[in-house]
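Everything on this sheet refers to the single structure shown next.
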Amino acid sequence: MEEYLVIVESPAKAKTIKRYLGKKFEVKASMGHVRDLPKSKMGVDVENEFNPSYITIRGKGPVLKELKAAAKKVKKVYLAADPDREGEAIAWHLAHSLEIDETSDCRVVFNEITKQAIKDAFKQPRSINMDLVDAQQARRVLDRLVGYNISPLLWKKVKKGLSAGRVQSVALKLIIEREKEIQQFVPEEYWSIQGSFKADKETFSAQFYGVEGKKVSLKTKEDVDAILKQIKGDAFQINGVTKKERLRHPVPPFITSSLQQEAARKLNFRARKTMMLAQQLYEGIDIGKQGITGLITYMRTDSTRVSEVAREETREFIKGQYGDSYVGTGNKKAKKSENAQDAHEAIRPTSVNHLPKDLKEYLSRDQYRLYKLIWERFVASQMAPAVMDTVRADLINNGIYFRATGSKIKFPGFMKVYIEGTDDNKNEEENYLPELVDGKEVKREAIDPKQHFTQPPPRYTEARLVRTMEELGIGRPSTYAPTIDTIQRRNYVTLEDRKFIPTELGEVVLEQVVNFFPEIIDVDFTAKMEDDLDSIEEGQKKWIKIISDFYEEFEKRLKVAEKEMKEVEIKDEPAGIDCEKCGHEMVYKMGRYGKFLACSNFPECRNTKPILKKIGVQCPKCKEGEIVERKSKKRRNFYGCDRYPECDFVSWDKPIARPCPKCGEYLVEKKTKKGTVVQCSSCDYKEDAQ
1 MEEYLVIVES
11 PAKAKTIKRY
21 LGKKFEVKAS
31 MGHVRDLPKS
41 KMGVDVENEF
51 NPSYITIRGK
61 GPVLKELKAA
71 AKKVKKVYLA
81 ADPDREGEAI
91 AWHLAHSLEI
101 DETSDCRVVF
111 NEITKQAIKD
121 AFKQPRSINM
131 DLVDAQQARR
141 VLDRLVGYNI
151 SPLLWKKVKK
161 GLSAGRVQSV
171 ALKLIIEREK
181 EIQQFVPEEY
191 WSIQGSFKAD
201 KETFSAQFYG
211 VEGKKVSLKT
221 KEDVDAILKQ
231 IKGDAFQING
241 VTKKERLRHP
251 VPPFITSSLQ
261 QEAARKLNFR
271 ARKTMMLAQQ
281 LYEGIDIGKQ
291 GITGLITYMR
301 TDSTRVSEVA
311 REETREFIKG
321 QYGDSYVGTG
331 NKKAKKSENA
341 QDAHEAIRPT
351 SVNHLPKDLK
361 EYLSRDQYRL
371 YKLIWERFVA
381 SQMAPAVMDT
391 VRADLINNGI
401 YFRATGSKIK
411 FPGFMKVYIE
421 GTDDNKNEEE
431 NYLPELVDGK
441 EVKREAIDPK
451 QHFTQPPPRY
461 TEARLVRTME
471 ELGIGRPSTY
481 APTIDTIQRR
491 NYVTLEDRKF
501 IPTELGEVVL
511 EQVVNFFPEI
521 IDVDFTAKME
531 DDLDSIEEGQ
541 KKWIKIISDF
551 YEEFEKRLKV
561 AEKEMKEVEI
571 KDEPAGIDCE
581 KCGHEMVYKM
591 GRYGKFLACS
601 NFPECRNTKP
611 ILKKIGVQCP
621 KCKEGEIVER
631 KSKKRRNFYG
641 CDRYPECDFV
651 SWDKPIARPC
661 PKCGEYLVEK
671 KTKKGTVVQC
681 SSCDYKEDAQ
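Quick note on numbering: the sequence shown equals residues 1 to 690 in full-length UniProt numbering.
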C-alpha cells in the first residue's frame with residue numbers, strides 16, 4: 001500500500017515521476033490550478049486589503065474529490081508542481097483545498113525530471129514559499145483590477161467582448177507605434193557601387209569605399225557619375241592588405257525568450273506552440289527501453305546558468321565526439337540581463353547523451369525538431385570558439401578606393417554543431433578573396449552602380465516582439481506567449497506574412513487606454529511593476545502595499561473615464577458587392593478567425609462568406625475556375641480553386657501563371673530559408689524567383 005501521495009499538474013508528468021519513486025508513492029495530477037478567482041465577477045475585495053475570493057474552478061470538483069480521498073489514505077502528501085511562481089501558487093491552493101499545513105515540509109521542487117533530480121528533491125522537501133505565492137497573487141490581483149474595471153468600459157463605449165490588460169496593452173502599443181513609424185517614414189535615396197575584379201585569373205568583388213582614403217557616402221546619381229568619371233583605365237593597385245584572426249564565440253544556451261525567437265526563425269513555430277512542445281519534452285516522453293523520460297530542463301527561465309554536472313558531462317561528450325580542441329574553456333560568461341531572476345538553469349537536455357537521432361522514432365516531427373534545436377544550441381554553447389581568417393584590402397585607382405573584405409573558417413569550433421539564426425533569415429555568406437599582395441595590380445571586370453532607398457523599420461514578428469518585450473522588461477518568461485495570443489484573439493492585431501499589423505479595433509482600444517489610463521501603457525511603469533513583483537518574490541516588498549499604491553491613482557482615473565470616455569462607433573467597411581440572397585450591401589466583419597463577408601441586413605439576413613483573394617492564375621486542374629488564397633483552420637495560407645467543391649484543386653505553394661518549360665505542369669513559388677524559388681509541381685525543374 002502507498003505511504004505517500006505526490007501531486008503534480010499533468011498526467012504526463014505524473015507518469016514520468018512515478019517511474020523514479022517506487023511502490024510507496026502514489027502520483028496523481030491536479031490538471032493545473034484547482035482554485036481561481038471567479039469569472040463572473042472581479043473577486044477582489046478592494047475595501048478589505050484586496051482580499052481575493054477564490055473558488056473551485058468549474059469542472060475540478062471530481063479531481064479535488066479524488067485527491068482528497070487519496071490524501072486520507074497516506075501518511076504524507078507532497079506537492080510537486082512546477083518550480084516557478086505559478087507552480088508555487090498551485091501548491092498553495094492544493095494545500096488549502098486538502099487541508100495541508102503550508103508551513104510543513106510538503107513542497108518538492110526540481111528543475112529537471114530525471115531520476116537523480118527527483119531523488120535529490122525528495123531528500124530536501126520544504127514549506128510553501130509564501131513570497132513566491134504572494135508575487136503570483138499580486139500579478140493575478142493586479143491584472144484582475146485592470147481587466148475587470150477597464151474592460152466593461154470598453155464594452156460600453158466601443159464594442160462587447162473587448163479587454164485591456166496590463167501587459168497586453170503595452171505589447172499592442174509597441175505594434176501600433178511601429179506601424180506609425182512605417183507610415184510616416186520618408187525614404188531617402190542612396191547609391192552603392194560594386195566592382196568585380198580579377199587577380200591571377202580569380203574573380204572577386206569589392207565595394208566602393210571613398211576618395212583618398214576617406215569614406216564617402218553616395219546620395220545621388222550625380223555623386224556616382226563623379227566617382228565613375230574619376231576612375232582611369234582598368235588597373236587598380238592593391239594597398240593596405242590586413243590579415244587577422246578573429247574569434248567567434250558561441251551563444252549561450254536557451255532561455256525562454258531566446259528559445260521562442262529561434263524556434264520562430266528556424267522552425268516557423270508560434271511562441272505558444274514552442275512552449276507547448278517544450279512542456280511535453282520537460283514532462284516526459286516514452287523513449288523505449290528507458291521508459292518515460294524528461295528530456296529537457298524546465299522551460300520557463302531567464303537564466304543561462306548551467307550546472308557543473310551537466311557542463312562536465314557535455315565536455316566529455318564533445319571530447320569524445322569531436323576531439324579535445326573542440327571543448328570550450330568555459331571562461332566566457334554570458335551577459336546577464338538586469339531583469340533576469342536567475343531562478344532556474346538554462347534550457348538544456350537532461351542528458352547530452354540523449355542524441356536527437358536516437359530519439360527521432362519516439363518523438364513527433366515537431367517535438368524532434370524542437371529537441372534537436374535545444375540539444376544543438378546547448379552542446380554548441382559548451383564548445384570552443386570558431387577561428388576566422390579575415391582579410392581586408394583597398395583597391396586604388398586615381399584616388400578612388402574600393403574595399404574588399406572576406407573571411408573563411410580556419411577552425412569551425414562550435415559552428416560544427418550550430419549557428420544562431422537571424423530575424424531576416426539571411427545567413428552570413430563568406431566572400432572568397434584570392435591571395436592579395438600590397439603593390440600588385442588587379443584588373444576591373446565590371447563596375448556596377450546601384451540605386452537604393454532607405455527602408456522603414458520592420459514590422460514586429462513574434463520573435464522581434466518577444467525580444468523587445470524582454471529588453472524593455474515587460475512581462476516575464478511565462479507571460480510572453482499568452483500576451484501575444486491575447487492581442488490576436490481580441491482581433492487587435494492580425495498576422496500577415498508572419499508580421500503583426502494593428503487593426504482599426506486595436507488602434508481604437510489603445511487610444512482610449514492612452515487617453516484615460518496612460519500609466520497602463522507606459523513602458524517604464526510596466527517594467528517597474530515587474531521589478532516590484534520580483535521584489536515581492538524576494539521578500540523585499542509586501543504585495544498589498546504594491547497593489548494599494550497602484551490602485552489609489554488607478555481608481556481616480558477610472559472615475560474620470562466613466563464620466564468622460566465617449567462612445568466610439570466602428571463602422572463596418574463596405575465590401576462593394578451585394579448580398580445574393582437579399583440584395584443588401586455586403587460588409588467586412590471581424591470574427592474569431594479574421595475578416596469575413598456578412599450581409600449588412602443582419603439579423604434579418606444571416607448570409608456570410610469567406611473573403612477570397614484571387615491571385616490571377618487559372619486553375620490548372622479544371623481550367624475553368626480561378627485560384628484563390630484561403631486559410632486553413634490553423635491559419636496557414638493555402639491555394640484552391642474558387643469553384644470548390646466542384647473542383648477540389650489545392651496547393652500549399654502559390655501557383656504562378658505559366659507552365660513548366662520542361663514538362664508543362666504548373667509552376668509554384670516555394671519559400672525556403674534562403675528565399676523564394678520557382679519550381680515545378682511535378683518534375684525537378686527549378687529556377688530563382690524574379
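All C-beta atoms, glycine included, are put in the ideal place defined by N, C-alpha and C.
For clarity, every value in this text was computed on a predicted model and none was experimentally measured.
Over the uninterrupted beta strand (DSSP E) stretch that includes Val241, give me the two end residues.
Ala235 to Arg248
How would you call Glu428, buried or exposed, if buried means at least 16 neighbouring beta carbons within 10 angstroms?
Legend: pLDDT at Glu428 = 46, less than 50; position of this residue unreliable, no value from coordinates given.
Residues sharing a beta bridge with Cys680, DSSP
DSSP output for Cys680 lists Leu667 as bridge partner(s).
Look at Lys443 and Phe197 and say whether their C-beta atoms are less than 8 Å apart.
Cβ distance < 8 Å, so Lys443 and Phe197 count as in contact.
Where Pro610 and Phe596 are concerned, what is the direct C-alpha to C-alpha distance, given to the nearest angstrom?
Rounded to the nearest angstrom, the two C-alpha atoms are 5 Å apart.
State the CB to CB distance for the pair Ser53 and Leu37, rounded to an integer number of angstroms; the pair is presumed to be in contact (CB under 8 Å).
7 Å
Taking DSSP as the reference, what is the three-state secondary structure of Ala71?
helix
Residue range of the unbroken beta strand (DSSP E) whose run includes Thr203
Glu202 to Val211
Can you check which of these residues, Glu445, Thr483, Lys528 and Tyr362, is closest to Gly473 by C-alpha distance?
Lys528
Quick check: what's the CA-CA separation for Lys670 versus Pro659?
15 Å
Cβ separation of Tyr4 and Val74, assumed to be a contact under 8 Å, to the nearest whole Å
6 Å
Any chance you could list the alpha helix (DSSP H) runs of at least 4 consecutive residues sitting entirely within the stretch 120-174, in chain order?
130-157
Among all the DSSP beta bridges, which residues are the ones paired with Trp543?
Note: Trp543 sits in no beta bridge, so no partner.
By how many angstroms is the C-alpha of Val391 removed from the C-alpha of Lys18?
Going from the Cα of Lys18 to the Cα of Val391 covers about 59 Å.
Could you tell me which of Tyr492, Asp497 and Lys499 sits nearest to Leu505, measuring between CA atoms?
Tyr492
Environment of Val6 [buried if 16+ CB atoms lie within 10 Å]
buried
Length of the line joining the Cα atoms of Phe50 and Leu370:
42 Å
Would you mind working out which of Lys563, Ile615 and Gly583 sits nearest Arg606, comparing C-alpha positions?
Gly583
If we ignore side chains and look at the alpha-carbon of each, how far apart do Val677 and Asn268 end up?
18 Å
Under a Cβ-count criterion, where at least 16 other Cβ atoms within 10 Å of its own Cβ denotes burial, should Asp82 be classed as buried or exposed?
buried
Classify Asp578 as helix, strand or coil using the three-state DSSP reduction.
strand
What first and last residue would you give for the beta strand (DSSP E) that runs through Tyr401?
Ile400 to Phe411
According to the Cβ coordinates, are Ala117 and Ile255 closer than 8 Å?
no
Quick one: Cα of Arg643 to Cα of Glu626, how far?
8 Å
Considering only their Cβ atoms, is the gap separating Ile55 from Glu88 smaller than 8 Å?
no
What does the alpha-carbon distance come out to for the pair Gly43 and Pro482?
Spanning the two alpha carbons is a distance of roughly 22 Å.
Straight-line gap, Gly213 to Gly399 (C-alpha atoms, nearest Å):
8 Å
Do the stretch 539-549 and the stretch 558-567 make contact, defined as three or more Cβ pairs closer than 8 Å?
Verdict: no, contact absent.
Would you identify the three-state DSSP class for Asn397, choosing helix, strand or coil?
strand
Taking C-alpha atoms, which residue in Asp366, Leu395, Lys623 and Ile409 lies nearest to Val387?
Ile409
For Ala235, count the other beta carbons within 10 Å of its own beta carbon; 16 or more makes it buried, fewer makes it exposed. Which is it?
Answer is exposed; the Cβ neighbour count stays below 16.
Burial state of Ile487 (16 or more Cβ within 10 Å):
It counts as buried.
Decide if Ala226 is buried, meaning its Cβ has at least 16 other Cβ atoms within 10 Å, or exposed.
exposed
In three-state terms, what does DSSP make of Ile231?
coil
Using a threshold of 8 Å, state whether the C-beta atoms of Val34 and Val63 are closer than that.
yes
Cutting at 6 Å between CB atoms, please list the residues of its own chain near Pro620, excluding the five before and the five after it.
Tyr666
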